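**Student:**
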Amino acid sequence: MSATTESIPLLSPDLLAKLERLELVSRKVFRGRMKGERRSKRKGQSVEFADFRNYVAGDDLRLIDWNLYARLDQLFLKLFQEEEDLHVYALIDCSESMNFGTPTKYHVAKQMAAALGYIGLCRADRVSVQALGDQGRRAPVLRGRSGLWKMLQYLESLESGDNVSLHDAVKDFSLRNSGTGVVVLITDLMDKSGYEAALRMLVGRRMDVYVMHILSPEEIDPPIRGDRRLIDSEDGDETEITINNYVLERYKQTLQSFLSSVKHFCSRRSIAYLPVRTDQPVDDVMTRYLRKRGVVR
Amino acid sequence: MNWISTLLPWQWALFAAVPIGIILLYFLKLRREPVEIPSTYLWSRTVEDLHVNSLFQRIRQNLLLFLQLLAVALAAFALLRPGVQGEATSQGRKVFLLDASASMMATDAGEERNRFELARKMIREQIDAMEERETAMLVTFSDRAEVLQSFTSDRGRLRSALERAQVTNRPTDIIGALEAADGLANPRRSSTTGDENDVQVADPMPADLLIYSDGGFRDVSDFNVGNLVPTYLKVGSDQSRNVAITAFSADRNVEKPGDAQAFATIVNFGTGAETFNISLYVDGAWRESESLTLAPGEETGLTFSLAGQEDAASLEMRLESPASGASRDQPFDDDLTIDNFAYAGLRPLRTVSVLVVTEGNKPLEIGLTTESAAKICIADFQSPSYLQTPEYQARAEAGLDDLILYDRCRPKSLPSTNTFFIGALPSDEWSWASEPGQTILVDVDRTHPMMQYLELFSLLIFEGRSVKGPTGTRELVGADNGTVLALAPRDGYQDLVLGFEIVTTGEDGTPQTNTNWYAERSWPVFLLNVLRHLAGAADATAAPSFLPGDTVRLRVESQIEAVDIARGSGTPESIRTGNSGSVEFVDSEMPGSYRVTAGEKLVDLFSINLFSRLESQIQPRETFELGYETIETAGMIETRKEYWRWLLGAVLLILAVEWWLYNRRIA
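Protein chains in written order, with the numbering used here: chain A, 259 to 555; chain R, 29 to 695.
So this is what it looks like as structure tokens:
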């Protein structure tokens with residue numbers, strides 16, 4: 259990881275201003291914990307009409323629709339949608355493989371998490387930005403704009419190199435967080451044991467899952483040529499290969515088929531798949547790309 | 029397909045290290061550079077994909093190595109010189125006979141400078157195509173044969189011998205070269221056939237006899253090819269052009285010695301009509317020209333008159349280009365140049381000294397003192413008793429006289445000069461071949477200069493005998509009882525013997541005539557011929573001509589110790605005169621006029637000319653006779669087809685492909 263990428267602030271003031279106008283879109287309606295700004299499954303007090311129901315003894319008389327009583331001579335209660343908060347989880351893959359590229363994928367992942375978290379904080383959502391693996395255990399749960407600095411502090415304290423498999427990390431996360439909500443998984447999906455089990459687990463917990471797939475240009479079009487011994491940064495696995503145009507072509511085909519298999523897997527499970535290149539400016543990703551993809555509005 | 033290794037075993041061992049080195053370098057090169065990447069996840073899958081058709085991939089990976097090894101293998105093949113033998117020799121032994129005669133200078137040899145160079149190239153190809161086990165020898169032949177390289181399998185020595193070979197200006201005689209080849213192929217037996225003790229002195233060595241020539245030589249009749257397998261390789265084109273001066277001489281007018289005439293014979297040996305100028309130069313200055321057109325095969329004679337030519341002169345005749353203007357005096361351009369020039373000399377007038385030993389011979393006296401004879405001769409008449417005097421002894425030994433004429437007498441020992449015996453025999457080598465009797469002449473050899481202008485068949489001879497001389501005796505006049513006038517060589521001199529007397533002495537001691545010859549017109553003419561050609565006076569007018577390469581033998585006045593001989597105005601060569609003024613000159617390779625001088629004085633003249641119709645007839649022969657075999661031309665002998673150039677081309681191509689692939693892989 260280069261010092262230059264580290265020194266770049268996770269969120270610039272300009273971006274913060276833009277993010278304040280955005281809102282995370284949840285494709286599902288969840289039951290929140292506190293009064294918030296989100297439509298909830300609960301009926302409660304808001305301006306949005308939900309339903310009628312028969313009056314039973316003990317109901318609040320203020321909710322009786324007197325106009326209806328006048329017409330039908332029966333007592334009905336007028337029910338309104340309750341507005342509650344939304345649980346937003348941003349999960350950052352901290353494996354060593356994230357620590358590549360200029361800027362590193364890890365840095366971009368933290369920027370994305372911070373931006374998404376800030377959007378959630380601005381909308382009074384329950385935001386938890388956490389790293390996958392052990393570092394996730396000390397992640398704070400935040401609400402309100404005031405939580406921004408705490409969130410940033412946590413993010414900056416994170417260190418890469420936590421080489422835990424995606425499945426184990428997601429399982430650990432699921433055990434620790436029983437609630438439902440929006441989960442944005444920010445990862446490069448480079449897990450030799452596969453990403454499928456992890457995503458299935460999140461979907462199984464009825465989360466609204468977003469997969470933000472971070473790819474560096476070096477992975478899309480590798481600049482290496484010739485006779486090389488490739489060393490895996492996570493497990494030290496070695497692959498001897500003579501990289502020529504043909505092999506490179508094959509690599510690109512493999513990458514494309516991998517991406518399309520991920521996309522296919524996600525679309526079949528209603529997971530929003532968002533490939534992101536590290537050379538895309540965060541501003542651009544947040545204000546244009548994610549908006550276009552319907553992640554924020 | 030066969031192979032000729034160009035490397036020695038230890039060189040092959042070194043060569044074998046090259047592919048080993050390449051393989052080692054390849055493995056060294058494959059110490060791959062480690063690179064850390066985020067994950068080998070995708071790369072592993074890529075490699076797994078590649079491994080699906082792993083054999084192909086393995087080949088792809090090692091393609092460069094394979095190409096390099098292939099290039100080395102092809103280079104090794106090229107070094108083995110694979111080829112197809114065009115014409116396999118069954119003998120394993122070759123004799124190259126290279127014609128180096130003048131006709132091989134003809135320029136009708138395609139790209140090569142002349143026929144000789146073409147023949148040399150053909151032989152070089154044969155040498156290059158020789159296999160290790162084969163041996164060859166190289167013999168050149170012109171008027172003599174020269175073994176430039178005896179049997180060897182060392183191609184380098186053969187090549188250097190071939191480089192040494194040079195074309196000459198000489199005529200052709202193939203027999204010497206054939207004998208040189210024959211000596212090895214057909215060893216002689218120790219004794220005559222049929223002898224039971226006959227043993228063969230050596231094993232016969234059969235050989236291919238490759239004759240590179242244009243066939244410009246006489247058929248060889250007395251030669252047995254035996255174990256030789258002759259192949260005639262014709263050199264030269266069938267469409268050649270050549271005009272040649274085949275004869276050129278100059279002589280003084282007998283009547284008026286101050287006037288001279290030059291005679292020339294010109295023949296067109298080419299296949300088309302030729303037009304040219306023929307010019308006569310006297311002492312280098314142009315004198316006369318004539319324009320001629322000759323049809324193919326046509327021959328013509330020319331005569332030029334040279335008035336007031338009393339001094340010695342060098343004459344040159346040239347064929348010149350017919351064009352006028354700027355290109356005038358340009359040499360005539362045909363395929364053979366050497367016969368476009370001819371040289372002759374006119375000697376200065378001089379007298380000869382003749383000693384006549386006779387008891388008295390009036391016809392002889394009158395014949396030697398005629399006006400014409402007196403101009404060229406100083407005759408000294410002595411009686412036979414003079415032979416006993418010391419003065420004669422000294423005179424005879426020193427060879428002061430140009431001719432000694434013995435009339436019915438004979439000295440104890442023959443003098444160091446030419447002699448003419450009338451009615452007597454010079455020595456015991458001679459003998460009478462018939463009893464004395466009336467003699468009728470039946471044959472006269474008119475080709476001999478001494479017999480020219482003579483009409484002898486009306487002679488009456490009362491008593492004559494035929495003579496028999498030593499080996500080499502030539503009959504000049506034959507009679508019914510045998511030879512009556514004979515000429516024989518003797519140690520560089522000549523003896524002329526007449527079998528009948530002119531004047532006899534009767535029983536009463538009075539002279540009587542034995543023949544009516546003295547009354548004939550032919551008598552003074554004969555004596556004049558004798559003075560000219562036997563005493564050497566004839567040489568006083570026309571200088572002799574020799575063939576290139578001949579040994580020139582001249583006689584000069586015996587008191588001259590050394591002479592200088594120079595060609596044209598070239599650097600003279602000094603030669604000491606031998607016994608009784610004989611001079612031998614061997615450096616006679618170049619045609620031209622040669623002047624023999626002693627101090628400032630011109631002593632003699634001679635010329636070297638290639639007057640050989642066989643050489644000038646440059647149309648190559650298709651066949652010739654060798655013993656009882658007719659040898660036909662084999663055209664061009666098919667040489668070994670070599671493939672090493674193609675292999676080297678393939679090596680270069682493979683290296684180019686390898687380089688391209690390498691760059692493509694790196695790029």
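Cβ coordinates follow ideal geometry from the N, Cα and C atoms, glycine included.
Only a predicted model underlies this, so the values are computations on that prediction, with no experimental measurement involved.
Among the residues of its own chain, which have a CB less than 7 Å from the CB of S129/R, if the five just before and after it don't count?
**Tutor:** Correct list, in chain order: S170, T196, R198, P199, T200, G244, E643.
**Student:** Return no unless some Cβ of chain R is closer than 8 Å to the Cβ of E281/A.
**Tutor:** Not one chain R Cβ lies under 8 Å of E281/A.
**Student:** Report back the beta-carbon spacing between C352/A and A389/A to the nearest angstrom; my notes put them in contact at under 8 Å.
**Tutor:** 5 Å
**Student:** Quick check: the Cα distance between E628/R and F360/R, rounded to an integer number of angstroms?
**Tutor:** 36 Å
**Student:** So L513/A contacts chain R; which residues on that side make the cut at Cβ distance below 8 Å?
**Tutor:** L70
**Student:** From I50/R to I501/A, what does the alpha carbon distance come to, in whole angstroms?
**Tutor:** 21 Å
**Student:** Using the C-alpha atoms, what's the distance from G564/R back to G527/R?
**Tutor:** 23 Å
**Student:** Between which two residues does the beta strand (DSSP E) holding I529/A run?
**Tutor:** Careful: I529/A lies outside any beta strand (DSSP E) and carries neither H nor E.
**Student:** Taking DSSP as the reference, what is the three-state secondary structure of H425/A?
**Tutor:** Look at H425/A here: in three-state DSSP terms it is helix.
**Student:** Excluding sequence positions up to five away, which residues of its chain have a Cβ less than 6 Å from the Cβ of D541/A?
**Tutor:** L273
**Student:** Applying a beta-carbon distance threshold of less than 8 Å, which residues of chain A neighbour I51/R?
**Tutor:** Within chain A, no residue comes near I51/R; the closest Cβ sits about 16 Å away, beyond 8 Å.
**Student:** Show which residues of chain R have a CB atom less than 8 Å away from the CB atom of L335/A.
**Tutor:** Result: empty, since nearest Cβ-Cβ is about 58 Å, beyond 8 Å.
**Student:** Please classify Q337/R: does DSSP put it in a helix, a strand, or coil?
**Tutor:** coil
**Student:** Going by other Cβ atoms of all chains shown within 10 Å of its Cβ, with 16 needed for buried, is N312/A buried or exposed?
**Tutor:** The residue in question, N312/A, is exposed, as its Cβ has fewer than 16 Cβ neighbours within 10 Å.
**Student:** Under a Cβ-count criterion, where at least 16 other Cβ atoms within 10 Å of its own Cβ denotes burial, should I468/R be classed as buried or exposed?
**Tutor:** exposed
**Student:** Given this structure, state the Cα-to-Cα distance separating I450/R from T475/R, to the nearest angstrom.
**Tutor:** Those two C-alpha atoms are separated by around 22 Å.
**Student:** Counting only runs that start and end within the segment 400 to 468 of chain A, where is the alpha helix (DSSP H) found for 4 or more residues in a row?
**Tutor:** Within the segment 400 to 468 of chain A, the runs of alpha helix (DSSP H) that reach at least 4 residues and sit entirely inside it are, in chain order, 406 to 415, 424 to 434, 454 to 462.
**Student:** Would you kindly check if the distance between the Cβ of I472/A and the Cβ of R486/A is under 8 Å?
**Tutor:** No, the pair does not count as a contact, with Cβ atoms beyond the cut-off.
**Student:** Alpha carbon to alpha carbon, what distance is there between G439/A and Y347/A?
**Tutor:** 7 Å
**Student:** Does any C-beta atom of chain A lie closer than 8 Å to the C-beta of I155/R?
**Tutor:** no
**Student:** DSSP three-state label for D541/A, please.
**Tutor:** helix
**Student:** So which residues of chain A does V75/R contact, with C-beta pairs closer than 7 Å?
**Tutor:** T497, I499
**Student:** Give me, in chain order, the residues of the same chain whose beta-carbon lies closer than 8 Å to that of S525/A; leave out the 5 immediate sequence neighbours on both sides.
**Tutor:** Y531
**Student:** Of all Cβ atoms in chain A, is any one closer than 8 Å to the Cβ of V702/R?
**Tutor:** Coverage of chain R is limited to positions 29 through 695, which leaves residue 702/R absent and any answer about it impossible.
**Student:** Looking only at C-alpha atoms, which of D578/R, Q358/R, R673/R, V263/R sits nearest to Q647/R?
**Tutor:** V263/R
**Student:** Identify each residue in the segment 471 to 494 of chain A for which the Cβ-Cβ distance to at least one residue of chain R is less than 9 Å, and report them in chain order.
**Tutor:** Within the segment 471 to 494 of chain A, the qualifying residues are S474, E476, E477, P480, I482, R483, G484, D485, R486, R487, L488, I489, D490, S491, E492, D493.
**Student:** Could you check what DSSP says for I530/R in three-state terms: helix, strand or coil?
**Tutor:** Note: I530/R maps to coil in three-state DSSP.
**Student:** DSSP state of P539/R, grouped into three classes?
**Tutor:** Under the three-state reduction of DSSP, P539/R is assigned to strand.
**Student:** Spatial neighbours of W551/R within its chain, please: C-beta separation below 7 Å, excluding the five flanking residues on both sides.
**Tutor:** P391, G395, W545
**Student:** Beta-carbon within less than 6 Å of L95/R's beta-carbon, same chain only, minus the 5 sequence neighbours each way: which residues are those?
**Tutor:** Sequence-distant Cβ neighbours of L95/R in its own chain, meaning closer than 6 Å and more than five residues away, are I682, E686.
**Student:** Mind checking whether S238/A and Y364/A have CB atoms under 8 Å apart?
**Tutor:** Here chain A comprises residues numbered 259 to 555, so residue 238/A is not present and cannot be evaluated.
**Student:** Let's see if you can read the secondary structure: which residues bound the alpha helix (DSSP H) around V324/A?
**Tutor:** The sequence given here places Trp at residue 324/A; Val does not occur at that position. Taken as a continuous stretch (DSSP letters only), the alpha helix (DSSP H) holding W324/A covers 324 to 330.
**Student:** Give the interface partners of S418/A over in chain R, defined as CB-CB distance under 8 Å, in chain order.
**Tutor:** Going along chain R, no residue has its Cβ under 8 Å from S418/A, so there is no contact; the nearest lies around 11 Å.
**Student:** Out of R185/R, A106/R, A507/R, point me to the one whose CA is closest to L675/R's CA.
**Tutor:** A106/R
**Student:** Rounded to whole angstroms, what's the CA-CA distance from Y690/R to S491/A? Just pull it up for me.
**Tutor:** 30 Å
**Student:** Going by C-alpha to C-alpha distance, which of T445/A, Y376/A, V505/A, G402/A sits closest to E354/A?
**Tutor:** T445/A
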